[in-house]
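I have placed the structure first, in the form of structure tokens, so that the comments after it can refer back to it.
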Amino acid sequence: MDEAYAVPNFELAEELIARGADSARIAISPHNPTENQSLGYSQVGAGTPLIPASPFAFKQSILIVLPTYNERANLEPLVQAIRQYLVADILIVDDNSPDGTGELADQLSCRHGHVHVLHRPHKEGLGPAYLAGFTWALQRDYSLIIEMDCDFSHAPWDLPRLVHRSHTADLVIGSRYVPGGGTENWNARRRFVSRCGNTYVSLFLGSTIHDWTGGFRCYRRELLARMNLATVRAKGYIFQVELAWRAMQLGADVDELPIRFCDRIEGQSKLGWQSIAEALMEVPRMYLLGLGSR
């Protein structure tokens, strides 16, 4: 959608997005003193995302955790894009990428005070990488901890919306499967696997959450601190399901924010049959252990 909108608050923006408007083409100019945002927006070319004159600055301390493995081509552009939309620290968790992602992360950390790096000796999976990042964040008392992919599948311009929604929720999940959400540039296999995966999880754990596997999230630190992260078993993409279900079991307020999930810009997808097999085993395990009640 090429049409651009200017709205005075996040609530009106969400109404437009739920009706199909593109979040990249909405200029939000809040007057809330907790959201210090310059009113001007610009864009590089026709139909491109609107860029605020200054990034949104919220009162809470925010950390964005970026797990990386062979993401050298995407890393620096993403770090720059994040800074255009949100004032936040960034933690790059690199699993000893052979393409030099870790070395580039160190360079970015030296150049930018808000960028930090956590090196891990080898690739263990998405779950352990996020757990290491979450533990790092809790040790440093960040108020909000965001997780997002490092391949531009999650739009940087949606970060202020995610943080704003966290004012009324303990966990906010960027959802492809609520009104206004969706996917772009996915082939039939990818759509089938994602839909079947969420349906499979809902059969065991309930349908309270529409997008169990979504990886664009904002956690309040109090919720993560209660989760006993050391006992999390999942290593692949089912990690997202386990943490969402733990949040539900703790009575957390979980909300979903519509997003458009775009296939990665550079590199290869890391979703493989091993992750699918793990999901097939782990979801019933949660249910059988008494973690899944409807």
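Position in the sequence shown (from 1) plus 1283 gives the number in the numbering used here. Where a beta carbon is used, it is the ideal one built from N, C-alpha and C, also for glycine. Note that this is a predicted model, so its numbers are computed, not measured.
Going straight from the alpha carbon of residue i to that of residue j, what length do you get?
i: N1315; j: I1334; result: At N1315, the pLDDT of 48 sits below 50, so the modelled position is not reliable; the number obtained from the coordinates is stated separately. Answer to the nearest angstrom: the Cα atoms are 19 Å apart.
i: C1545; j: N1468; result: 6 Å
i: S1344; j: L1563; result: 37 Å
i: M1569; j: Y1520; result: 15 Å
i: V1290; j: R1448; result: 16 Å
i: Y1324; j: A1287; result: 11 Å
i: G1550; j: Y1460; result: Reliability of the predicted coordinates at G1550 is poor, the pLDDT of 49 falling under 50, and the value obtained from them is presented with this limitation in mind. So the two alpha carbons sit approximately 25 Å from each other.
i: A1420; j: L1533; result: 20 Å
i: P1332; j: A1415; result: 32 Å
i: E1561; j: P1381; result: 25 Å
i: P1411; j: S1458; result: 23 Å
i: K1342; j: S1426; result: 9 Å
i: N1319; j: D1424; result: The pLDDT assigned to N1319 is 49, lower than 50, so where the model puts this residue is not dependable; a value taken from the coordinates is nonetheless given after this. The alpha-carbon atoms of N1319 and D1424 are separated by roughly 22 Å.
i: R1474; j: T1466; result: 8 Å
i: R1302; j: L1442; result: 20 Å
i: T1491; j: H1450; result: 20 Å
i: K1268; j: G1489; result: Any question about residue 1268 goes unanswered here, given that the chain covers just 1284 to 1577.
i: R1444; j: Q1390; result: 29 Å
i: D1305; j: E1294; result: 15 Å
i: C1393; j: V1400; result: 10 Å
i: H1522; j: R1529; result: A small fix is needed here, since residue 1522 is Phe in this sequence, not His. Each residue's Cα considered, the two are about 11 Å apart.
i: F1435; j: C1479; result: 24 Å
i: T1418; j: L1486; result: 31 Å
i: Q1326; j: A1336; result: 10 Å
i: L1299; j: M1531; result: 28 Å
i: H1395; j: G1383; result: 18 Å
i: H1437; j: H1493; result: 17 Å
i: A1371; j: L1571; result: 40 Å
i: V1446; j: R1509; result: 20 Å
i: Q1422; j: Q1363; result: 26 Å
i: A1296; j: A1513; result: 38 Å
Is it the case that the Cβ atoms of residue i and residue j are separated by a distance below 8 Å?
i: A1388; j: L1409; result: no
i: L1369; j: P1338; result: yes
i: L1506; j: A1527; result: no
i: G1464; j: I1365; result: no
i: I1428; j: L1346; result: yes
i: V1348; j: V1376; result: yes
i: R1355; j: D1378; result: no
i: W1495; j: N1481; result: yes
i: Y1502; j: L1454; result: yes
i: L1361; j: C1433; result: yes
i: R1500; j: I1456; result: yes
i: V1566; j: V1515; result: no
i: I1311; j: N1292; result: yes
i: E1430; j: G1385; result: no
i: P1462; j: Q1367; result: no
i: K1406; j: Y1483; result: no
i: A1471; j: D1538; result: no
In the DSSP assignment, what are the bridge partners of residue i?
i: A1289; result: A1310
i: S1325; result: I1334
i: E1467; result: C1545
i: G1489; result: Answer by DSSP bridge pairing: none, since G1489 is not bridged.
i: D1372; result: L1346
i: D1538; result: V1455
i: C1479; result: Bridge partners of C1479: none, in fact.
i: R1500; result: E1430, I1456
i: D1377; result: T1351, H1402
In terms of residue numbering, what span does the beta strand (DSSP E) encompassing residue i cover?
i: H1254; result: The structure shown does not extend to residue 1254, since the chain is modelled only from 1284 through 1577, so no value can be given for it.
i: E1386; result: That residue, E1386, is in no beta strand (DSSP E); its alpha helix (DSSP H) goes 1384–1394.
i: L1512; result: Note, L1512: premise wrong, no beta strand (DSSP E); not H, not E.
i: E1354; result: No beta strand (DSSP E) contains E1354, which DSSP labels as neither H nor E.
Locate the alpha helix (DSSP H) running through residue i, then write down its first and last residues.
i: L1506; result: 1504–1509
i: V1455; result: Unbroken run through V1455 is the beta strand (DSSP E), 1454–1458; no alpha helix (DSSP H).
i: V1348; result: Taken as a continuous stretch (DSSP letters only), V1348 belongs to no alpha helix (DSSP H), being part of the beta strand (DSSP E) at 1345–1351.
i: L1414; result: 1409–1422
i: R1525; result: As written in the sequence, residue 1525 is Glu, which differs from the Arg given in the question. Where E1525 is concerned, the enclosing alpha helix (DSSP H) stretches over 1521–1532.
i: L1445; result: 1442–1448
Would the C-beta of residue i count as close to the ligand GDP, meaning under 7 Å from any of its heavy atoms?
i: L1526; result: Among the components modelled here there is no ligand, and therefore nothing to report on the ligand GDP.
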